[in-house]
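Chemist:
Protein chains: 2
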Amino acid sequence: MRLRKFAVSGLFLLFAALGAHAQNKTVAERLGYPADSKLLIVHADDLAVAHSVDTASFDALTRNAVNSASIMVPCAWLTEVAAFAKNHPEADLGLHLTLTSEWKTYRWGPVESKDKVPSLLDSAGYLWPESPTAASHIKPEEAEREIRTQIENAIAVGIHPTHLDSHMGTLFNTPELFAVYAKVAHDYHLPFLAPRLPGELSKLLSLLSDKDVVVDSFIIANPSVPAGEWKDFYVNAVKNLKPGLTEIIVHLGHDDAELQAVTLDHPDYGSAWRQRDYDVAPPGGSATMM
Amino acid sequence: MRLRKFAVSGLFLLFAALGAHAQNKTVAERLGYPADSKLLIVHADDLAVAHSVDTASFDALTRNAVNSASIMVPCAWLTEVAAFAKNHPEADLGLHLTLTSEWKTYRWGPVESKDKVPSLLDSAGYLWPESPTAASHIKPEEAEREIRTQIENAIAVGIHPTHLDSHMGTLFNTPELFAVYAKVAHDYHLPFLAPRLPGELSKLLSLLSDKDVVVDSFIIANPSVPAGEWKDFYVNAVKNLKPGLTEIIVHLGHDDAELQAVTLDHPDYGSAWRQRDYDVAPPGGSATMM
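As given, the protein sequences belong to chains A and B, one line each in that order.
Position in the first sequence (from 1) plus 226 gives the number in the numbering used here.
Position in the second sequence (from 1) plus 226 gives the number in the numbering used here.
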């Protein structure tokens, strides 16, 4: 059975359309594995944002150093990712639904007609730079229009999305945005990544059905990890895997002129950060993270 | 007097708002120079299309290897160019009005709301890839909306455009598109580059006023120039300058991973081409083209 969708817990849940199963089985059992299996999804974010990110992510997908990834549809390199998807139909490529444009030198707007989604736009007509700012301005019905258009646009360029998640977690910021996200995901029968909102958990759980599955644990590098201990962070995460379904989210890229310019003045999730993530499973290396 | 706008002839004219002067003076005299002066503008196209193009063009502008350039407003690196413009208020930066998105892997849509300019869009919602296809589909009133929005958007991000021209010459393809272009340029009091359309010259000349100036000659590299004779092409062009106002149009970039990916499968105006243009006046070189 192919794991079409991916992990999460601690902070995150995953709702996945995996067929009707009793909720009292473990996630592993529901996915067709022995009850105490350790299952790992390594997921690369941000495809299409930059050529540097694309080449690093394509390489990792091809070598099975990651086994899932998601795409930013409003970004300029979408057709590069679409060409990869066409040539690699086995690649598990979802959509990193994008309602923010966070870099200084390099920006994008919505895919939908701007006059249909005015609450998504800053004064220059780009998506808001910060996720909380975006969430405070965006009208849920306009978020719905935009994410539906992102899905349709991805399909129009030949991508068959396997799952949905939310760039910078913007769709996790309010119950209203989350509800739109869940509705669209259900409409398209797509698994989707979702957070446990403090105090709002019951609302999220009410969206679960027998077809949805909650993922057990979730791992992502953070600014407290020293650069010199980057690989150890991931190696320890894998060594300490617990039974159940775990997702590791990575941000891959080459620390080159393009990516340094894209991520200007922002070391967190910046160019060197993405090179470190990529270097954990370098080309030609025999050990992947899987 | 500062030459705020640039050249053309042979195939091109330039209409420039330089104040009311008698049309029977030479261009040089009307610009305040002796009648037989040799005046040269070296103009870099395509700023904002890629970081590689931006850094090469910024370097050439800073060193006066070029003295004018124009910006593609719909492209993702616009805010990088806006930051340069803010820090270099002396830079002569116009707008390379953009109605096409010609590369395979890297694309952009309009700045205007898509539902207000549907004739500008291909099936995936990007601008048309080819200039003749674009010109055959685009409704002039929608072209007008888009180019006005590009000008307003440039102003919104802090750019004060000095002139207008047309990416891939799309606005020179039909008299109707040209008329829109001239109207918008006149409305904004901006000099604009324009072609002599075969058989349509009288229509263009009818747009000239005492405030407009026709540029005398126009030079651009073309695919028939061997790579090894690139510098000779420009050196000979400068040696053979004739009295009057000449414009050389260049396309600058670094032949790096980003630009190679942007210009995939398209050597004309491609990554190596732009590196060759850049190398004609390399960093640290004492001889510029001016």
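We put the beta carbon where it would ideally sit given N, CA and C, even for glycine.
1) S392 of chain B CB to nearest chain A CB: under 8 angstroms?
2) Straight-line CA distance for V337 of chain A to L304 of chain A?
3) How about L287 of chain A and P387 of chain A: do their beta carbons lie closer than 8 angstroms?
4) Please classify S380 of chain A: does DSSP put it in a helix, a strand, or coil?
5) Please confirm whether A522 of chain A and F418 of chain A have their CB atoms less than 8 angstroms apart.
6) Of all the residues that make up the region 317-338 of chain A, which are near chain B by a beta-carbon distance shorter than 7 angstroms?
7) Within the same chain, show all residues whose beta-carbon is closer than 8 angstroms to that of G335 of chain B, passing over the 5 residues directly before and after it, in chain order.
8) Please confirm if H386 of chain B has its CB atom under 8 angstroms from at least one CB of chain A.
9) According to DSSP, D391 of chain A sits in a beta bridge with which residue or residues?
10) Quick one, are the C-beta atoms of T472 of chain A and S443 of chain A less than 8 angstroms apart?
11) Along the chain, where does the beta strand (DSSP E) containing T472 of chain A start, and where does it finish?
12) Taking only beta-carbon positions, decide if T305 of chain B is within less than 8 angstroms of chain A.
13) At which residues does the alpha helix (DSSP H) containing H277 of chain A begin and terminate?
14) I'd like to confirm the pairing. Which residues does DSSP put opposite K312 of chain A in its beta bridges?
15) Does the CB of N293 of chain B have a neighbour CB from chain A at under 8 angstroms?
16) In terms of residue numbering, what span does the beta strand (DSSP E) encompassing A404 of chain B cover?
17) Return helix, strand or coil for S296 of chain A, following the three-state DSSP convention.
18) According to DSSP, simplified to helix, strand and coil, what is K365 of chain A?
19) Just the chain B side, please: which residues come within less than 7 angstroms of A302 of chain A by C-beta, in chain order?
20) Taking 8 angstroms as the threshold, find out whether the region 357-372 of chain A comes into contact with the region 279-286 of chain A through three or more Cβ pairs.
21) If distances are taken between C-alpha atoms only, which option among B:R502, B:L323, B:I377 comes closest to A453 of chain B?
22) Please determine if the region 260-269 of chain A and the region 309-316 of chain A are in contact, where contact requires at least 3 C-beta pairs separated by less than 8 angstroms.
23) Give me, in chain order, the residues of the same chain whose beta-carbon lies closer than 7 angstroms to that of S497 of chain B; leave out the 5 immediate sequence neighbours on both sides.
Modeler: Reading from the atomic positions:
1) Residue 392 of chain B sits at position 166 when you count from the first residue of the second sequence. S392 of chain B does not count as touching chain A.
2) Here residue 337 of chain A is taken as the residue at index 111 of the first sequence, counted from 1. Here residue 304 of chain A is taken as the residue at index 78 of the first sequence, counted from 1. Near 12 angstroms, if we compare the C-alpha coordinates of L304 of chain A and V337 of chain A.
3) Sequence index remark: in the first sequence, residue 287 of chain A carries index 61 (1-based). Sequence index remark: in the first sequence, residue 387 of chain A carries index 161 (1-based). The answer is no: Cβ separation not under 8 angstroms.
4) Along the first sequence, read from residue 1 onward, the residue named residue 380 of chain A stands at position 154. For the record, residue 380 of chain A in the displayed sequence is Ala; it is not Ser. Three-state result, A380 of chain A: helix.
5) This structure leaves residue 522 of chain A out entirely; chain A is present only between 227 and 516.
6) K330, T331, Y332, R333, W334, V337
7) Position 109 of the second sequence holds residue 335 of chain B. Here the set comprises P300, S327, L347, G351, Y352, L353.
8) Counting from one through the second sequence, the residue named residue 386 of chain B turns up at place 160. Taking Cβ atoms only, chain A never reaches closer than 8 angstroms to H386 of chain B, which makes this a no.
9) Taking the first residue of the first sequence as 1, we reach residue 391 of chain A at position 165. In DSSP, D391 of chain A forms a bridge with A:H322.
10) Counted from its first residue, the first sequence places residue 472 of chain A at position 246. Counted from its first residue, the first sequence places residue 443 of chain A at position 217. Their beta carbons are under 8 angstroms apart, which means T472 of chain A touches S443 of chain A by this criterion.
11) For the purposes of this step, residue 472 of chain A is taken as residue 246 along the first sequence, with counting starting at 1. T472 of chain A -> beta strand (DSSP E) spans 470-476.
12) The sequence position of residue 305 of chain B within the second sequence is 79, counting from 1. Interface residue, yes.
13) Counted from its first residue, the first sequence places residue 277 of chain A at position 51. Element bounds for H277 of chain A: 277-288.
14) The residue given as residue 312 of chain A occupies position 86 in the first sequence. Partner(s): none; K312 of chain A has no beta bridge.
15) On the second sequence, residue 293 of chain B is found 67 positions in, with the first residue counted as 1. Judged by the 8 angstroms Cβ criterion, N293 of chain B is not in contact with chain A.
16) Here the question's residue 404 of chain B lines up with position 178 in the second sequence. Note that residue 404 of chain B is Phe in the sequence shown, not Ala. That residue, F404 of chain B, is in no beta strand (DSSP E); its alpha helix (DSSP H) goes 401-413.
17) Position 70 of the first sequence, counting from 1, holds the residue named residue 296 of chain A. If DSSP states are grouped into helix, strand and coil, S296 of chain A belongs with the strands.
18) Sequence index remark: in the first sequence, residue 365 of chain A carries index 139 (1-based). Coil.
19) Within the first sequence, the letter at position 76 stands for residue 302 of chain A. Within chain B, the residues near A302 of chain A are A302, Y332, R333, W334.
20) no
21) To locate residue 453 of chain B, count along the second sequence from 1; it is residue 227. Nearest C-alpha to A453 of chain B: B:R502.
22) no
23) Numbered from its first residue, the second sequence carries residue 497 of chain B at position 271. Closer than 7 angstroms at the Cβ level, and outside the excluded window around S497 of chain B, lie G479, D481, L485, Q486, T489.
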